[in-house]
Amino acid sequence: MGLLRILLAASIVFAHSGNLFFEVKPKFAVPAFFIISGFVIALVLNEKYTGKVWSFYLARYLRLWPSYIVVLLVTLAIFTDINPIADSPIANLHLFGASYGLLFFDTLGWVGYDDKLHTMVFMTGGAGLSDENSLVWRTPMAHMWSVGVEMSFYLVAPLMARRPKILAAVFVAAFVAHLWITLNLIPTHPLRAKSAVNSFYLFVAGMLAYWGWVHSRQWLERFSFPSAPLAIGTFLVAIWMGLVLDRINPLLSDMALLATAFALIPLFHFSKVSKIDRAIGEVSYAVYLVHFPLVLYVFDGHYHDKWWGTYLLAVSITLAIVLQYLVVRPLEQVRRHLASSSSKQVLSVALATPMPAPAASRNMQ
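Written out as structure tokens, the structure is:
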């Protein structure tokens with residue numbers, strides 16, 4: 001799925017430069033990432049981190065935070081500062097805590113500071129304060145709200161990743177919550193625009209897609225298909241469906257996103273053995289991470305310029321590769337050790353626990 005991930009990341013980079021990549025808007029690309037994340041997290045929870053939950057949490061944090069803090073500190077050193085609020089220590093604690101720790105970063109978009117009333121307010125998205133007044137725009141990394149949303153998903157993922165029936169029930173509840181939010185809150189309301197609650201159904205759909213792959217992989221073994229055309233085809237068809245359905249009714253675009261979830265089943269199956277595809281996918285997070293400070297402080301003034309958008313993407317990919325080798329790769333051994341120790345613990349417990357023969361026979365059928 002690496003090629004699909006880098007195509008989605010490229011579409012976000014182009015969108016933030018004022019251009020569109022195959023007409024893809026962030027409102028489609030970011031949710032698609034939530035779906036892919038759900039699939040990947042269900043995969044690792046069922047096949048790697050089958051023991052201690054804390055090993056999973058630490059491994060995910062080590063995957064996201066080190067690269068983030070490097071980019072943030074470089075940005076702060078060269079371009080700008082985090083803009084504190086002079087007379088609100090509680091707001092500053094929230095601002096600096098989320099900015100440096102990354103946890104609950106999305107909640108910075110929920111609250112803002114009213115300069116006239118000199119007080120913190122909830123960003124309802126109605127008349128009065130605009131999105132630019134929220135705390136998230138006091139940092140140079142405002143785009144990381146989506147990673148904050150994903151980290152909220154990770155907190156609850158171990159509770160249901162191994163239970164497909166519970167996942168199905170959670171999906172129904174999460175989709176109903178999404179429908180209520182969409183029908184009752186305006187698009188700029190933070191609980192609709194930057195909320196884990198509103199996007200949770202997408203993450204769960206990705207987890208269900210993993211179980212779809214588990215139950216269909218033996219059947220898929222009968223076929224052979226190159227992963228690159230499948231990834232590009234998935235990307236283009238999903239985008240086309242999203243564009244067409246969104247013009248009819250924004251709610252119908254959910255169908256395109258859910259279709260993307262099902263498309264991940266064959267896409268993952270035919271790309272999982274490709275080292276090149278995996279390497280491409282691993283760079284996608286770093287591309288997303290580095291591009292936004294470049295938009296704000298390096299490529300500012302070239303909005304809507306397609307050539308500058310292309311340069312932005314090229315520079316983002318180059319810096320992402322550097323970040324991958326200098327930061328991500330050295331920490332990969334730590335993450336592998338966490339996964340290995342977790343799996344070994346479960347294996348030792350399983351070997352030490354006697355299993356009745358009839359039950360074992362039934363499980364093999």
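Take the sequence shown: its letters are residues 1 to 365, numbered as in full-length UniProt numbering.
Just so you know, even glycine gets a beta-carbon here, dropped at the ideal spot from N, CA and C.
Remember, it's a predicted structure, so these values are computed and weren't measured experimentally.
*Excluding the 5 residues preceding and the 5 following Ser343 in the sequence, name in chain order all residues of the same chain whose CB lies nearer than 7 Å to its CB.*
Note that Ser343 scores a pLDDT of 49, beneath 50, so its modelled location is shaky and nothing firm can be said.
*Return the CA-CA distance between Val30 and Leu8, expressed in angstroms with no decimal places.*
Going by C-alpha positions, Val30 is about 8 Å away from Leu8.
*In its own chain, which residues sit with a C-beta less than 6 Å from the C-beta of His302, not counting the 5 before and 5 after it?*
Annotation for His302: Trp308 place their beta carbon closer than 6 Å to its own, counting only its chain and skipping 5 residues before and after.
*Measure the beta-carbon distance from residue 366 to Ile181 and round it to whole angstroms, keeping in mind my assumption that it falls under 8 Å.*
Nothing can be reported for residue 366, as the shown portion of the chain is limited to 1 through 365.
*Ordered along the chain, which non-local residues of its own chain (more than five positions away) have a Cβ less than 7 Å from that of Pro66?*
Counting only Cβ-Cβ distances below 7 Å, and skipping sequence neighbours, we find Val327, Leu331.
*Which first and last residues belong to the beta strand (DSSP E) in which Tyr201 is found?*
For Tyr201, no beta strand (DSSP E) encloses it; the enclosing alpha helix (DSSP H) starts and ends at 196-220.
*Within the chosen definition, does the region 194-213 reach the region 246-266 through at least 3 CB pairs nearer than 8 Å?*
Because the criterion of three Cβ pairs below 8 Å is met, the region 194-213 and the region 246-266 touch.
*In three-state terms, what does DSSP make of Val121?*
Reduced to three states, the DSSP call for Val121 is strand.
_Let me make sure I understand the geometry here. Which of Val298, Ser274, Phe225, Leu208 has the alpha-carbon closest to that of Phe262?_
Looking only at Val298, Ser274, Phe225, Leu208, the smallest Cα-Cα distance to Phe262 is reached by Leu208.
*asked:* Check for me: the beta strand (DSSP E) holding Asp81 runs from which residue to which?
replied: Asp81 -> no beta strand (DSSP E), and no H or E assigned at all.
*Counted within 10 angstroms of its Cβ, other Cβ atoms place Glu132 as buried (16 or more) or exposed*: The residue in question, Glu132, is exposed, as its Cβ has fewer than 16 Cβ neighbours within 10 Å.
*Expected contact under 8 Å - CB spacing of Ile35 and Ala205 to nearest Å*: At roughly 6 Å, the Cβ-Cβ gap stays under 8 Å, so Ile35 and Ala205 are in contact.
*asked:* Just list the residues that DSSP pairs Ser134 with in beta bridges.
replied: Ser134 has Gly112 as its beta-bridge partners, per DSSP.
*Where does Ala142 sit, in a helix, a strand or coil, going by DSSP?*
Residue state, collapsed to three classes: helix.
*Can you tell me whether Glu150 is buried or exposed, with buried defined as 16 or more other CB within 10 angstroms of its CB?*
Result: buried.
*When the distance is taken between beta carbons, is Gly212 closer than 8 Å to Gly2?*
No; because the gap between Cβ atoms is not below 8 Å, this pair is not in contact.
_Within a Cβ cutoff of 8 Å, which residues of the same chain sit near Ser224, ignoring the five residues on either side of it in sequence?_
These residues qualify, in order along the chain: Phe270.
*Can you give me the Cβ contacts of Leu45 inside the same chain, cut-off strictly under 8 Å, excluding the 5 residues immediately before and after it?*
Cβ neighbours of Leu45 beyond the five flanking positions: Phe56, Ala157, Pro158, Ala161, Arg162.
*Beta-carbon separation of Leu289 and Tyr100 under 8 Å?*
For Leu289 and Tyr100, no; Cβs fall outside 8 Å.
*N- and C-terminal bounds of the alpha helix (DSSP H) containing Ile186*: That residue, Ile186, is in no alpha helix (DSSP H); it is neither H nor E in DSSP.
*asked:* Checking 8 Å against the spacing of the C-beta atoms, do Gln324 and Val283 come in under that value?
replied: One thing to note: Gln324 has its Cβ within 8 Å of the Cβ of Val283.
*On the premise that Ser134 lies in contact with Gly97, defined as a C-beta separation below 8 Å, what is that separation, rounded to the nearest angstrom?*
Between Gly97 and Ser134 the beta-carbon gap is near 16 Å, outside 8 Å, which marks them as no contact.
*Once you ignore the five residues that flank Phe105 on each side, which residues in its own chain have a CB closer than 7 Å to its CB?*
So the qualifying residues of the chain are Ala98, Met144, Trp145, Val147, Gly148.
*asked:* Using only the alpha-carbon positions, how far apart do Pro293 and Pro140 sit?
replied: Taking the straight line joining both Cα atoms gives about 6 Å.
*Can you give the Cα-Cα distance for residue 408 and Pro266, rounded to whole angstroms?*
A question about residue 408 goes unanswered here, because the residues of the chain that appear run from 1 up to 365.
_What does the alpha-carbon distance come out to for the pair Thr75 and Ala320?_
Spanning the two alpha carbons is a distance of roughly 14 Å.
_Residues near Ala174 in its chain [Cβ-Cβ closer than 7 Å; skip 5 each side]_ = Only residues of its own chain outside the window of five on either side were considered, and among them Phe200, Tyr201, Val204 have a CB closer than 7 Å to the CB of Ala174, listed in chain order.
*Quick one: residues in its chain with C-beta nearer than 6 Å to the C-beta of Leu43, no 5 flanking neighbours on either side, listed in chain order?*
Contacts found: Tyr210.
*Would you say the beta carbon of Ser271 comes nearer than 7 Å to a heavy atom of the ligand HEM?*
With respect to the ligand HEM, the structure shown offers nothing to examine, as it has no ligands at all.
*In three-state terms, what does DSSP make of Thr234?*
Thr234: helix per DSSP, three-state reduction.
_Taking its Cβ as the centre, do 16 or more other Cβ atoms sit within 10 Å of Pro190, making it buried, or is it exposed?_
The residue in question, Pro190, is buried, as its Cβ has 16 or more Cβ neighbours within 10 Å.
*Give the DSSP-derived three-state secondary structure of Asp106 in the structure shown.*
In this structure, Asp106 counts as helix in the three-state DSSP scheme.
_Checking 8 Å against the spacing of the C-beta atoms, do Asn19 and Lys306 come in under that value?_
Taking the C-beta atoms as reference points, Lys306 is found nearer than 8 Å to Asn19.
*Specify the secondary structure class of Thr50 as computed by DSSP and reduced to three states.*
In the structure shown, Thr50 adopts coil according to DSSP, grouped into three states.
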